[in-house]
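Reminder that position 30 of the sequence shown reads as 30 in the UniProt record's numbering, one-by-one numbering, no gaps. Where is the CB? At the ideal position from N, CA and C, for every residue including glycine.
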Amino acid sequence: MVGGKLGRKPSSSSKGARSEDGKSESQAGTSTLLKKYGVCEKAAIGKGATAVVRLAHKWDRGTDKLYAVKEFRKRRKNESEKEYVKKLTSEFCISSTLHHENIVETVDLVQDENQHWCEVMEYCPGGDLYAAIKRGSMNQLEIHSYFKQILLGVDYLHRMGVAHRDIKPENLLLDGKGKIKITDFGVSDVFRMCWEKSTHLSKGLCGSEPYLPKEMFERKEYDARLVDVWACGIVYYCCCMQELPWRVAKKNDPSFQIYLQAFESGTNSPPPISNLIKESRLIIKKIWSPEPEHRVYIEEVLKDSWVASLEVL
Numbered sequence: 001m002v003g004g005k006l007g008r009k010p011s012s013s014s015k016g017a018r019s020e021d022g023k024s025e026s027q028a029g030t031s032t033l034l035k036k037y038g039v040c041e042k043a044a045i046g047k048g049a050t051a052v053v054r055l056a057h058k059w060d061r062g063t064d065k066l067y068a069v070k071e072f073r074k075r076r077k078n079e080s081e082k083e084y085v086k087k088l089t090s091e092f093c094i095s096s097t098l099h100h101e102n103i104v105e106t107v108d109l110v111q112d113e114n115q116h117w118c119e120v121m122e123y124c125p126g127g128d129l130y131a132a133i134k135r136g137s138m139n140q141l142e143i144h145s146y147f148k149q150i151l152l153g154v155d156y157l158h159r160m161g162v163a164h165r166d167i168k169p170e171n172l173l174l175d176g177k178g179k180i181k182i183t184d185f186g187v188s189d190v191f192r193m194c195w196e197k198s199t200h201l202s203k204g205l206c207g208s209e210p211y212l213p214k215e216m217f218e219r220k221e222y223d224a225r226l227v228d229v230w231a232c233g234i235v236y237y238c239c240c241m242q243e244l245p246w247r248v249a250k251k252n253d254p255s256f257q258i259y260l261q262a263f264e265s266g267t268n269s270p271p272p273i274s275n276l277i278k279e280s281r282l283i284i285k286k287i288w289s290p291e292p293e294h295r296v297y298i299e300e301v302l303k304d305s306w307v308a309s310l311e312v313l
């Protein structure tokens with residue numbers, strides 16, 4: 001049975017996210033976008049539920065520097081200025097502290113000439129993974145290289161105490177040189193502060209339905225790290241099969257119900273895992289364990305013999 005048609009999925013927001021309050025609005029700087037980062041193109045290079053991304057050109061002594069500029073939506077009528085600014089600065093406070101080759105670098109938070117808040121990021125000219133999947137141009141070595149890099153990026157996030165909660169092809173950008181980078185921390189959650197040893201559970205339904213595990217629909221607190229791990233498995237399947245394994249991880253979804261029944265009966269490679277190459281099936285089954293208490297964490301995924309053998313091109 002075919003799972004779900006692969007299409008761009010809008011993300012849901014959540015009020016359950018936390019971030020460090022150590023950074024203030026003043027750290028965003030007072031200079032305008034134009035003065036610091038140049039002219040923004042009118043045409044968007046990306047669109048989401050809460051923002052539009054445009055390309056900015058900065059000419060500096062003959063060097064043409066490009067930036068991706070995320071222009072946030074205007075404040076809603078039923079949203080206070082405090083709530084609005086807190087959301088923007090929360091995302092910036094998280095993303096600006098992350099520095100890894102598989103994470104999009106966040107540069108600044110500024111206002112443009114129209115007083116719209118804009119997040120300035122490194123520009124990835126290769127587009128997103130969604131477009132690459134739809135083109136069907138990736139070979140197995142490229143897919144495995146991207147999958148390994150996504151896992152390494154998620155591992156870094158989790159070591160930093162951050163869960164992304166919206167891992168999907170649209171939020172995975174290509175730099176055109178073989179690197180893939182995680183972007184959009186709009187619904188990310190800090191599950192452990194840098195001075196803490198224990199972790200916090202997360203709450204709130206957010207992200208994109210086809211990439212979410214079933215515990216997120218149960219209105220309970222959950223371990224957001226395991227949400228990211230589950231989503232990595234969905235992304236890998238999409239890369240390999242150019243379709244989703246199911247539309248949503250609920251019992252009323254026919255494809256997910258078939259998987260659930262086969263998994264619970266002890267089948268070694270329940271459909272749709274049986275569609276994947278043999279070497280990957282065991283770890284994907286562990287990644288897709290329906291019950292979070294039996295699911296593997298990202299450290300265990302990276303220790304899997306097949307995953308460890310994957311080369312980054």
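Through-space distance from residue j to residue i, alpha-carbon basis
| i | j | result |
| --- | --- | --- |
| residue 342 | E221 | Lying before the first or after the last residue shown, residue 342 is absent from the chain, which here runs from 1 to 313. |
| E119 | L172 | 17 angstroms |
| G127 | D253 | 31 angstroms |
| P270 | K251 | 16 angstroms |
| V296 | V154 | 13 angstroms |
| L6 | E209 | 12 angstroms |
| Y259 | E215 | 16 angstroms |
| G178 | L201 | 35 angstroms |
| L244 | R165 | 18 angstroms |
| S198 | H116 | 38 angstroms |
| F147 | A249 | 21 angstroms |
| I150 | Y211 | 15 angstroms |
| Q261 | Y130 | 30 angstroms |
| N114 | T183 | 25 angstroms |
| M160 | E91 | 15 angstroms |
| R73 | I133 | 28 angstroms |
| T32 | E291 | 48 angstroms |
| R281 | L313 | 22 angstroms |
| G46 | E71 | 10 angstroms |
| Q111 | E122 | 17 angstroms |
| Y236 | E264 | 22 angstroms |
| E79 | Q140 | 46 angstroms |
| V69 | A49 | 15 angstroms |
| E196 | L226 | 19 angstroms |
| D108 | N268 | 48 angstroms |
Proximal residues to residue i (C-beta, below 6 angstroms), its chain only, five neighbours per side dropped
| i | result |
| --- | --- |
| D304 | I283 |
| I298 | V154, D155, H158 and V229 |
| W246 | G3, G4, D253, S255 and F256 |
| I273 | R281, I284 and K285 |
| S145 | V312 and L313 |
DSSP state of residue i mapped onto helix, strand, coil
| i | result |
| --- | --- |
| D128 | strand |
| W195 | coil |
| L152 | helix |
| residue 315 | This structure cannot speak to residue 315, because the chain is shown only from 1 to 313. |
| L88 | helix |
| Y259 | helix |
| G178 | coil |
| E119 | strand |
| I167 | coil |
| D21 | Because the pLDDT at D21 is just 44, under 50, the model does not fix this residue reliably, and the value given afterwards should be weighed accordingly. D21 falls in the coil class under three-state DSSP. |
Cutoff 7 angstroms; reference residue i; Cβ partners in own chain excluding five residues on either side
| i | result |
| --- | --- |
| C240 | I143 and L276 |
| A224 | A163, R165, D189, F191 and S202 |
| W306 | E279, S280 and I283 |
| K65 | K58 |
Own chain, CB closer than 8 angstroms to residue i, minus 5 neighbours either side, in chain order
| i | result |
| --- | --- |
| A44 | V52, V53 and R54 |
| N102 | Q149, I150, L152, G153, Y156, K179, I180, K181 and I182 |
| H99 | E105 |
| E41 | R54, L55, A56 and H57 |
Boundaries of the alpha helix (DSSP H) in which residue i is found, first to last residue
| i | result |
| --- | --- |
| T50 | Run containing T50: none; DSSP gives neither H nor E here. |
| V248 | Where V248 is concerned, there is no enclosing alpha helix (DSSP H), given that its DSSP letter is neither H nor E. |
| S280 | K278 to I287 |
Residue span of the beta strand (DSSP E) that contains residue i, given as start and end
| i | result |
| --- | --- |
| W306 | Careful: W306 lies outside any beta strand (DSSP E), inside the alpha helix (DSSP H) at S305 to S309. |
| D108 | T106 to Q111 |
The ligand ADP heavy atom lying under 8 angstroms from the CB of residue i
| i | result |
| --- | --- |
| V104 | The ligand ADP is not part of the structure shown, which contains no ligands of any sort. |
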